[in-house]
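Under our numbering, the first residue of the sequence shown carries the number 2, and numbering increases by one thereafter. Written below as structure tokens is the structure these notes are about.
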Amino acid sequence: MLLLVDYWPHPVANPPTASKAHPRLPSLCVWLCLALIGGMFATCTANAAQSASSLFSSLRGLVYQVRVIDTASGDKTTIGSAFRVAADGLLATNFHVVSSLVHEPAKYRLEIVGDDDFKAVATLVVVDVLHDLAIIRDKQHGARHFTLLSAALAQGERVFSMGNPQDLGMTIVEGNYNGPLKSSRFERLLFSGSLNPGMSGGPAFNADGDVIGVNVAAGGEQLSFLVPVRDLQNLLGKASIAAATDDFKLALGQDLRHESDAFYLARTSETWRSEPFGDLMLPRDISPAMKCWGHNVDKDDAAYEGFHQHCRSEEYIYLQDDFHTGNFSYDYEWMLTSKLNPLQFYTAVERRFQHPSPDNTDDEDHVTNYRCTTDFVAVDDTPWKSSICVRRYKDYPDLHDATLVMVSLKDNERAALIKMAVTGISHKRALDLFEKLMRSVTWDH
Numbered sequence: 002m003l004l005l006v007d008y009w010p011h012p013v014a015n016p017p018t019a020s021k022a023h024p025r026l027p028s029l030c031v032w033l034c035l036a037l038i039g040g041m042f043a044t045c046t047a048n049a050a051q052s053a054s055s056l057f058s059s060l061r062g063l064v065y066q067v068r069v070i071d072t073a074s075g076d077k078t079t080i081g082s083a084f085r086v087a088a089d090g091l092l093a094t095n096f097h098v099v100s101s102l103v104h105e106p107a108k109y110r111l112e113i114v115g116d117d118d119f120k121a122v123a124t125l126v127v128v129d130v131l132h133d134l135a136i137i138r139d140k141q142h143g144a145r146h147f148t149l150l151s152a153a154l155a156q157g158e159r160v161f162s163m164g165n166p167q168d169l170g171m172t173i174v175e176g177n178y179n180g181p182l183k184s185s186r187f188e189r190l191l192f193s194g195s196l197n198p199g200m201s202g203g204p205a206f207n208a209d210g211d212v213i214g215v216n217v218a219a220g221g222e223q224l225s226f227l228v229p230v231r232d233l234q235n236l237l238g239k240a241s242i243a244a245a246t247d248d249f250k251l252a253l254g255q256d257l258r259h260e261s262d263a264f265y266l267a268r269t270s271e272t273w274r275s276e277p278f279g280d281l282m283l284p285r286d287i288s289p290a291m292k293c294w295g296h297n298v299d300k301d302d303a304a305y306e307g308f309h310q311h312c313r314s315e316e317y318i319y320l321q322d323d324f325h326t327g328n329f330s331y332d333y334e335w336m337l338t339s340k341l342n343p344l345q346f347y348t349a350v351e352r353r354f355q356h357p358s359p360d361n362t363d364d365e366d367h368v369t370n371y372r373c374t375t376d377f378v379a380v381d382d383t384p385w386k387s388s389i390c391v392r393r394y395k396d397y398p399d400l401h402d403a404t405l406v407m408v409s410l411k412d413n414e415r416a417a418l419i420k421m422a423v424t425g426i427s428h429k430r431a432l433d434l435f436e437k438l439m440r441s442v443t444w445d446h
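Here it is, written out as structure tokens:
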């Protein structure tokens, strides 16, 4: 449309005199160009619509709705999508679609429903909690299946997604491939298209119908995320050797611990870059998967001034509806006063001396109570008050949530608060991480 605007004839105050030999030739040429451009645009639009329509017609038989059925009531409790990935009855979906079956296999069963009302019982084969994937199987051996793409896509290339949104029926969505997220602990692809609840676990594919990723999450209008097809290919390799089992939690816990150990070992082994923050030099960009924001407190009626920096990871690992892990955050805060006496300022600082909440669960069935220790420590030869709290996962006893809060006690008119929270970490890795943070704090003399 921009091209049409650029070539549209605009009126002028004093139009030039047309050539006597060809008085209408310039205007005729413009209109011929417009007609040609308009025809090309209409043809491209028609081809795109025809491509989506033909892809849907060709592939709809390979995409299903997944239902997690409550065995007591016989009704569905969770819905998602799945698609055929192998000739021996294997289908791919998301872990979060089938997670209730993983955690309570005696209470639930799986079934798949095709767009033609085909219905079949399915079984869980293998899961990948880190990349939110699962492989299930029905008895349709020899069935046609999707091809998984091995070549890379170019940014901006047209991509299609299929699934059953909100139990309304099978749909196809068109958008664009925009590559992997730049900073991501668990790699995701950016899809400029609209995914909706119920499409989780469905396929995303190119114009040839080759799968490039798996639907996993929506981030807003025309902003969605896919699991890369490479992770699905890796899980399919495990599916071929997976032993039949109803207990997936052991392997799930091992995967969580292995990834967490590797991630936090890298954080404690590398050199952290420090930047000035108030009167301190503090670590910055501890993880490339985090984003930082700042704000200040400077109200007329405030008895003190303050400024903050908040850094958060924007990803997490889904375990259950009311339980997730893999969060990582830290916060820096300065408090300054010229109005409060020492006791008043101490009281104001004490109110801010609170542990950060990871907000990943408040269900006592999932975690133990926090156990905390508070002490006075020397950091860069100055006194600080510090407190560490840790709680354990009941189903995965090697993993914990851990929080740290510390405050400087250098003088009566300024104070620095530092907080950190991590979820899904071993007790040792948490203490190593907190110790490294403390050792990285220095005064900007």
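The beta carbon of each residue, even a glycine, is placed where N, CA and C say it ideally should be.
My guess is that residue i and residue j are in contact by the Cβ rule of under 8 Å, so how many angstroms apart are they, rounded?
i           : j           : result
residue 326 : residue 433 : Residue 326 to residue 433, Cβ: 18 Å. No contact.
residue 1   : residue 208 : This structure leaves residue 1 out entirely; the chain is present only between 2 and 446.
residue 184 : residue 290 : 5 Å
residue 166 : residue 197 : 4 Å
residue 420 : residue 357 : 5 Å
residue 92  : residue 261 : Not quite, the Cβ-Cβ distance comes to about 29 Å (not below 8 Å), so this is no contact.
residue 87  : residue 182 : Rounded, the Cβ-Cβ distance is 28 Å, inconsistent with contact.
residue 395 : residue 360 : Rounded, the Cβ-Cβ distance is 18 Å, inconsistent with contact.
residue 85  : residue 56  : Their Cβ separation, rounded to whole angstroms, is 15 Å, which puts residue 85 and residue 56 out of contact at 8 Å.
For residue i, decide whether its Cβ has a neighbour in chain B, counting only Cβ atoms nearer than 8 Å.
i           : result
residue 107 : Judged by its chain identifiers, the structure shown contains no chain B, having just a single protein chain.
Starting from residue i, follow its DSSP beta bridges and name the residues at the other end.
i           : result
residue 169 : Per DSSP, none; premise fails for residue 169.
residue 284 : 275
residue 424 : 402
residue 129 : 134
residue 214 : 205 and 229
residue 443 : 282
residue 113 : 67 and 121
residue 418 : 334 and 408
residue 375 : 388
residue 175 : 161
residue 187 : In DSSP, residue 187 forms no bridge with anything.
residue 394 : 368
residue 193 : 177
Would you identify the three-state DSSP class for residue i, choosing helix, strand or coil?
i           : result
residue 35  : Annotation note: pLDDT 47 at residue 35 (below 50); position unreliable, coordinate value reported separately. The answer is helix: DSSP assigns residue 35 an H, G or I state.
residue 180 : strand
residue 407 : strand
residue 431 : helix
residue 42  : Residue placement at residue 42 is flagged as unreliable, the pLDDT there being 43, under the threshold of 50; the coordinate-derived value follows with that caveat. Three-state DSSP puts residue 42 in a helix.
residue 298 : strand
residue 386 : strand
residue 256 : helix
residue 96  : helix
residue 268 : helix
residue 143 : coil
residue 101 : helix
Closer than 6 Å by C-beta to residue i: which residues in its own chain qualify, once you throw out the five before and the five after it? Chain order, please.
i           : result
residue 249 : 103 and 128
Please list, in chain order, all residues of the same chain as residue i whose beta carbon is under 8 Å from its beta carbon, the five residues on each side excluded.
i           : result
residue 111 : 67, 68, 69, 70, 99, 102, 122, 123, 124, 125 and 137
residue 73  : 108
residue 195 : 174, 176, 219, 222, 223 and 225
Go through its chain and collect everything with a Cβ distance to residue i's Cβ below 7 Å, but skip five positions before and after it.
i           : result
residue 445 : 277, 280, 281 and 282
residue 362 : 323, 324 and 368
residue 143 : 88
- Message: Which complete beta strand (DSSP E) runs does the segment 50-90 hold, if anything under 3 residues is left out?
- Response: 64-71 and 77-85
- Message: My parser needs the alpha helix (DSSP H) runs of 4 or more residues fully inside the segment 287-357; what are they?
- Response: 343-353
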